[in-house]
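Residue numbers (my numbering): 117 to 272.
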């Protein structure tokens, strides 16, 4: 397992972030989805999936009490800054807290960051953007998700 950018999102991640930040289309968001460790498809196959519904046809979303998808809207995101000195763009999301996540439902294995192109759209219209390994065994305590030092995505 490893972190990766979905093929469908390659070359588009910065634009998705920009759309969420600008709320265009209205209700656009980055949606954070946790996959259950027990049923994660191999990265090489998952990478080819084009919608969240497609991903969830082969992997299961976490079902623990205390877990729910998180939608990040423009106000939640830092301003997009182009780093001309280092010739790159780093994108980050705020730390996320899942409160009192119960063990029943099993271990977590991966976090997906997806682009939702509106406020109410089915999973078949949500585009998976990046996948991040996140092995976690919920035990009733809070779970905090932090992306690494460069954020969830770096465009170079």
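Virtual Cβ for every residue (Gly too), placed ideally from N, Cα, C.
Here the segment 159-175 does not lie against the segment 196-216, with fewer than 3 beta-carbon pairs under 8 angstroms apart. Boundaries cannot be given for residue 193, as no alpha helix (DSSP H) includes it and DSSP labels it neither H nor E.
When C-alpha distances from residue 215 are compared across 188, 249, 180, the shortest belongs to 180.
One thing to note: residue 171 has its Cβ no nearer than 8 angstroms to the Cβ of residue 136.
When only Cα atoms are considered, residue 226 and residue 120 end up about 11 angstroms apart. Secondary structure note for residue 133: its alpha helix (DSSP H) is the uninterrupted segment 129-138. In this structure residue 207 is in contact with residue 129, their Cβ atoms being roughly 7 angstroms apart against a cut-off of 8 angstroms.
Distances from the CA of residue 199 to each of 212, 125, 124, 272 were compared; the closest alpha carbon is that of 272.
Within the segment 236-272, the beta strand (DSSP E) runs of at least 3 residues that lie entirely inside it are, in chain order, 243-252, 259-261, 269-271. In this structure, the CA atom of residue 261 is about 14 angstroms from the CA atom of residue 178. Per the DSSP secondary-structure output, residue 145 pairs in a beta bridge with 232.
Note on the segment 159-224: whole alpha helix (DSSP H) runs with a minimum of 4 residues are 159-162, 168-172, in chain order.
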